[in-house]
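Number of protein chains: 2
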Amino acid sequence: MYAVENLGDNIAACSEIPNLQYAEFSKDLRFELESGKRFGPIKIAFKTFGKLNSEKNNVILIFPTLTATPQVAGEKIKGKEFPGWWKDIVGEGKAIDTKKFFVICTDHFGGCYGSTGPGSRNPDTGKPYGMKFPPFFLKDVIKCVWELLQQQKIEKLHSVIGGSLGGLLALEFVALHKNAAKNAIILGASHKISAQSIALNHIARQAIMLDPAWKNGNYYGKEFPEKGLSIARQIGHISYLNPGILEQKFGREEVGKFKHFVSLSMQYQVESYLNHQGEKFCKRFDPNTYIYLSKAIDSFDIEKEFGSVQNAFAGTKTVFTSIAISSDVLFPAKDSEEMNSLLQKAGAKSELYIVESEKGHDAIFLENEEIGKMIRKTLSN
Amino acid sequence: MYAVENLGDNIAACSEIPNLQYAEFSKDLRFELESGKRFGPIKIAFKTFGKLNSEKNNVILIFPTLTATPQVAGEKIKGKEFPGWWKDIVGEGKAIDTKKFFVICTDHFGGCYGSTGPGSRNPDTGKPYGMKFPPFFLKDVIKCVWELLQQQKIEKLHSVIGGSLGGLLALEFVALHKNAAKNAIILGASHKISAQSIALNHIARQAIMLDPAWKNGNYYGKEFPEKGLSIARQIGHISYLNPGILEQKFGREEVGKFKHFVSLSMQYQVESYLNHQGEKFCKRFDPNTYIYLSKAIDSFDIEKEFGSVQNAFAGTKTVFTSIAISSDVLFPAKDSEEMNSLLQKAGAKSELYIVESEKGHDAIFLENEEIGKMIRKTLSN
């Protein structure tokens, strides 16, 4: 019932995801990663919500963000609440209506919520892979999801949907399977990973690796490198928000009453907020997964992989809906505009909505009323 | 001749600053820090360029940035070149003409280029202070500079000038000594330290402290915490540049030829650039100084200290020239506009120039032609 199989002991407490299912494959190492390495066995954890109809044409695949679980919708099981990370959008009667649609939400290959990742036991050694886990790309993540769909005998999708990393994966999915999905809904993501994003991920990875508890990735069952992971998360949060919303939320508000600072310890609310976010994150995420997945994000490059954005999407029948946030500094709206225009040039049907919000990248999961309407409209087509 | 007195052995190699002078005081602990602590002895290192005229009315005080040395202008001594960090602006015939003006450039209290700081010997223990150095504020930095000026029997300044932290110090100087300076030139700085700046400094300090070599600040003469300081510097660089210029300079350019990445090591030029900046910085800066000075910056709050910006500058005869960069994300031009307006409301003469440049905060030391003209114009008054 719980996704503890591949987690280091340190974060087992966060692994209470009920009714997780698994697609298992490549015990014979038939699965070849983009790097050329044959790798297995592989398990991909996923959850489903709603029911598959007899025509098998009501499937919506939702890709999580870098750090979200397969628990996309909320559930109540035996009196216990399991809140979904996108509960205002996904559920019975919601914009992604689980009375109508059969929703599948996966844990990424390399992840830490049940799928094979750096914290999984390496069958050759009996120990967790750690940094011996093979480098991989978003294409590999999609190839694993495709295996899962094959096992479920699902060939057509009503929609692929995702925000942030989830949006990149939806793009990669369509580029690799041009006629599998009727719709693609991409939130806060585009064909471009900016130099600043690479820079921030680079710094975040260094912080994890600097933590003496990281021990070259061999911390499973030992001290957890929480300080390094906390710094990585804090760097992430600065890009998920933006200077304006940080100012509005925190300004120079202090934690306590200081004449001036009297020690070098935490003084401002923004510092307290970041510390809190970092601490919370350490209860639910594997630092090695952060290293591998952030590197896979940096390496996402549709132009390099397919020659051009137009090449990647030429001939697709998938209809694209992009939703960008006006104040997003991680995936700026102007890059979504460029992508929308390139998709149209590639002959694809593509629409872009820009949500006017001050809340930065995070707004893709906050401006639910407006975004819910856009998603409803797309899904009704 | 060299400023090695107060440096840990690890960074002595960078301390070759010729003809450094010192103001020494508070051997009797008469100097009281803002925190209430009496502290001494204090040495403030400084350099001078040009000659003090007999009227003593040609003095320009230049405050360095967080990390710059007192070597503001270039020199050639016994055939050896000592490049100045602002050599295109300060020197013979330059906008700040050392044939005409007597330029003083100090090392900050708490610094690592000759002034008393965390790396100085604590006379009580014979060992470097480390984290036993007292917390201090920008007001303390200015009080030390004022002592230096008293010792030099300088009562009036033609101008106080500084960029970034140097600009904050110029503001603090005028607020504390309303009639001492005829002009104040503030580049890339305003009365506001943003929540995002505090957030970035907070993360940078954590990275330094996470380095196992940091050892609670007691690394002098031992292994240097270079990885932590490098991360701190890299975080700084992201804010000194901006997303646009990072994209323009680096985009997704790779260090070598990769099909995709085949390992988790450095792949993109932006990563190589950041690593290089971090490494260079470790040859010339003290991590503990970074911790203390960045905290003093976070605590800079004219409104809190003086009640309001208008209170702080009401009645001053100093004429303000602010120079802001259109693309600065650390000290946005809109904050300089607000400051200019508040200064005018306080009755001060104040002008703002906004330099249209894509280069971000760093442009205050790059757009030298345009900025040189503005400085020349101000100094000719």
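Line by line, the protein sequences are chains S and D. In terms of the working numbering, the first sequence opens at residue 1 and continues consecutively. In terms of the working numbering, the second sequence opens at residue 1001 and continues consecutively. Note that beta-carbon positions come from the ideal geometry of N, C-alpha and C, so glycine has one too. In this text the structure is predicted, and so the values were computed from the model without any measurement.
(request) Using three-state DSSP, classify S/R233 as helix, strand or coil. (result) Position 233 of the first sequence, counting from 1, holds the residue named residue 233 of chain S. In the structure shown, S/R233 sits in a helix (DSSP, three-state: H, G or I).
(message) Give me, in chain order, the residues of the same chain whose beta-carbon lies closer than 7 Å to that of D/E1337; leave out the 5 immediate sequence neighbours on both sides.
(response) In the second sequence, counting from the first residue as 1, residue 1337 of chain D sits at position 337. Once the five neighbours on either side are set aside, the close Cβ partners of D/E1337 are L1352.
(message) Residues in the same chain with beta-carbon distance under 6 Å from S/A346, minus the five sequence neighbours each way, listed in chain order, please.
(response) Numbered from its first residue, the first sequence carries residue 346 of chain S at position 346. Q310, F313, A314, listed in sequence order.
(message) Between S/D107 and S/A195, how many whole angstroms is the CB-CB distance? I'm expecting something under 8 Å.
(response) Walking along the first sequence from the start, residue 107 of chain S turns up at place 107. Walking along the first sequence from the start, residue 195 of chain S turns up at place 195. That pair is no contact at about 29 Å.
(message) Within 7 Å of any Cβ in chain D, is that where the Cβ of S/Q234 sits?
(response) If you number the first sequence from 1, residue 234 of chain S lands on position 234. Interface residue, yes.
(request) Residues of the segment 1211-1234 of chain D with a CB closer than 7 Å to any CB of chain S: list them in chain order, please. (result) D1211, P1212, K1227, G1228, I1231, Q1234
(message) Going by DSSP in three states, D/S1380 sits in which element: helix, strand or coil?
(response) The count along the second sequence starts at 1 and reaches residue 1380 of chain D at position 380. If DSSP states are grouped into helix, strand and coil, D/S1380 belongs with the helices.
(message) Rounded to whole angstroms, what is the Cα-Cα separation between D/K1078 and S/E271?
(response) In the second sequence, counting from the first residue as 1, residue 1078 of chain D sits at position 78. In the first sequence, counting from the first residue as 1, residue 271 of chain S sits at position 271. Going from the Cα of D/K1078 to the Cα of S/E271 covers about 49 Å.
(message) So, does the segment 157-169 of chain S touch the segment 1211-1221 of chain D, judging by three or more C-beta pairs under 8 Å?
(response) no
(request) Might you give, ordered along the chain, the residues of its own chain that have their beta carbon closer than 8 Å to the beta carbon of S/E367, omitting 5 neighbours on each side? (result) As a first step, residue 367 of chain S must be located in the first sequence, where it is residue number 367. The answer, listed in chain order, is I325, V355, S357, K359.
(request) Mind checking who S/S322 pairs with in its DSSP beta bridge? (result) The residue given as residue 322 of chain S occupies position 322 in the first sequence. Beta-bridge pairing links S/S322 to S/I186, S/L352.
(message) Please report the straight-line C-alpha distance between S/T125 and S/N288, rounded to a whole angstrom.
(response) Mapped onto the first sequence, residue 125 of chain S falls at position 125. Mapped onto the first sequence, residue 288 of chain S falls at position 288. Going by the C-alpha atoms only, they are around 18 Å apart.
(message) Going by beta-carbon coordinates alone, are S/P135 and S/S26 separated by less than 7 Å?
(response) Sequence index remark: in the first sequence, residue 135 of chain S carries index 135 (1-based). Sequence index remark: in the first sequence, residue 26 of chain S carries index 26 (1-based). No, they are not a contact pair.
(message) Using only the alpha-carbon positions, how far apart do S/S350 and D/I1142 sit?
(response) Reading the first sequence from its first residue, position 350 is the one you call residue 350 of chain S. Reading the second sequence from its first residue, position 142 is the one you call residue 1142 of chain D. Each residue's alpha carbon lies about 59 Å from the other.
(message) Given this structure, state the Cα-to-Cα distance separating S/L165 from S/P332, to the nearest angstrom.
(response) Mapped onto the first sequence, residue 165 of chain S falls at position 165. Mapped onto the first sequence, residue 332 of chain S falls at position 332. Each residue's Cα considered, the two are about 14 Å apart.
(request) Kindly indicate the opening and closing residues of the beta strand (DSSP E) around S/K295. (result) Along the first sequence, one-based indexing puts residue 295 of chain S at 295. From DSSP, S/K295 is part of no beta strand (DSSP E) but of the alpha helix (DSSP H) over 287-298.
(request) Leaving aside the five residues before and after S/P18 along the sequence, list all residues of the same chain whose C-beta is less than 7 Å from its C-beta, in chain order. (result) Position 18 of the first sequence, counted from the start, is the residue given in the question as residue 18 of chain S. Excluding positions up to five away in sequence, the list reads M1, E75, I77, F82.
(message) When you compare the CB of S/G307 with every CB in chain D, is at least one pair closer than 7 Å?
(response) Sequence index remark: in the first sequence, residue 307 of chain S carries index 307 (1-based). By this cut-off, S/G307 is not an interface position.
(message) If you follow the beta strand (DSSP E) that S/F136 is in, where does it begin and where does it stop?
(response) As a working mapping, residue 136 of chain S is identified with position 136 in the first sequence. No beta strand (DSSP E) holds S/F136; DSSP gives it neither H nor E.
(request) Measure the alpha-carbon distance for S/N58 versus S/C112 and round it to whole angstroms. (result) In the first sequence, the residue the question calls residue 58 of chain S occupies position 58. In the first sequence, the residue the question calls residue 112 of chain S occupies position 112. Each residue's Cα considered, the two are about 28 Å apart.
(request) Round the Cβ separation of S/Y290 and S/A232 to the nearest angstrom and send it over; I've been treating them as touching at under 8 Å. (result) Position 290 of the first sequence, counted from the first residue, corresponds to residue 290 of chain S. Position 232 of the first sequence, counted from the first residue, corresponds to residue 232 of chain S. So it is a contact: roughly 6 Å between Cβ atoms.
(request) Going by CA-CA distance only, name the one from S/A199, S/L149, S/I89, S/L168 that's closest to S/K56. (result) What you label residue 56 of chain S is simply residue 56 of the first sequence in a count that begins at 1. Ranking the options by Cα distance to S/K56, first place goes to S/L149.
(request) Using the DSSP secondary-structure output, state which residues sit across from D/T1106 in a beta bridge. (result) What you label residue 1106 of chain D is simply residue 106 of the second sequence in a count that begins at 1. According to DSSP, which records beta bridges pairwise, D/T1106 is partnered with D/F1046.
(request) Could you tell me whether any Cβ in chain S is nearer than 7 Å to the Cβ of D/Q1206? (result) Here residue 1206 of chain D is taken as the residue at index 206 of the second sequence, counted from 1. Interface residue, yes.
(request) Identify every residue that forms a DSSP beta bridge with D/D1097. (result) Locating residue 1097 of chain D in the second sequence gives position 97, where the first residue counts as 1. Bridge partners of D/D1097: D/G1091.
(request) Quick one: measure Cβ to Cβ for S/I185 and S/I364, integer angstroms, because I've assumed they're closer than 8 Å. (result) Numbered from its first residue, the first sequence carries residue 185 of chain S at position 185. Numbered from its first residue, the first sequence carries residue 364 of chain S at position 364. Contact flag wrong, Cβ pair sits at about 11 Å.
(request) Say whether chain D places a C-beta atom closer than 7 Å to the C-beta of S/K295. (result) Position 295 of the first sequence holds residue 295 of chain S. Yes, its Cβ sits closer than 7 Å to a Cβ of chain D.
(message) Does any residue of chain D have a CB that is nearer than 7 Å to the CB of S/E382?
(response) The requested residue 382 of chain S does not occur in the structure, where chain S is confined to residues 1 to 381.
(request) Go ahead and label S/N201 buried or exposed: buried means 16 or more other beta carbons lie within 10 angstroms of its beta carbon, across all protein chains shown. (result) Within the first sequence, residue 201 of chain S is the residue found at index 201, counting from 1. Buried: at least 16 other Cβ atoms inside 10 Å.
(message) Using 8 Å for Cβ pairs, my map puts S/N381 next to S/V319. What's the rounded Cβ distance?
(response) Start at 1 with the first residue of the first sequence, and residue 381 of chain S comes out as number 381. Start at 1 with the first residue of the first sequence, and residue 319 of chain S comes out as number 319. Sure, about 7 Å apart at Cβ, within 8 Å.
(message) So, at 7 Å on beta carbons, what are the nonlocal neighbours of D/K1051 in its own chain, with the 5 sequence-adjacent residues on each side left out?
(response) Counting from 1 along the second sequence, the entry for residue 1051 of chain D is found at position 51. The residues are F1102.
(message) Which residue wins for smallest C-alpha separation from S/Q21, given the options S/R30, S/L33, S/D28, S/T48?
(response) If you number the first sequence from 1, residue 21 of chain S lands on position 21. Nearest option by C-alpha distance: S/T48.
(request) Mind checking which residues open and close the beta strand (DSSP E) that includes S/G163? (result) In the first sequence, the residue the question calls residue 163 of chain S occupies position 163. Per DSSP, S/G163 belongs to the beta strand (DSSP E) from 157-163.
(message) Can you tell me which residues form a DSSP beta bridge with D/Q1021?
(response) Taking the second sequence and counting its residues from 1, the one referred to as residue 1021 of chain D is at position 21. D/F1046.
(request) Please list, in chain order, all residues of the same chain as D/K1373 whose beta carbon is under 7 Å from its beta carbon, the five residues on each side excluded. (result) To locate residue 1373 of chain D, count along the second sequence from 1; it is residue 373. Hits under 7 Å: none found.
(request) Name the two residues that bound the continuous alpha helix (DSSP H) containing D/L1274. (result) Sequence index remark: in the second sequence, residue 1274 of chain D carries index 274 (1-based). Residues 1269-1282.
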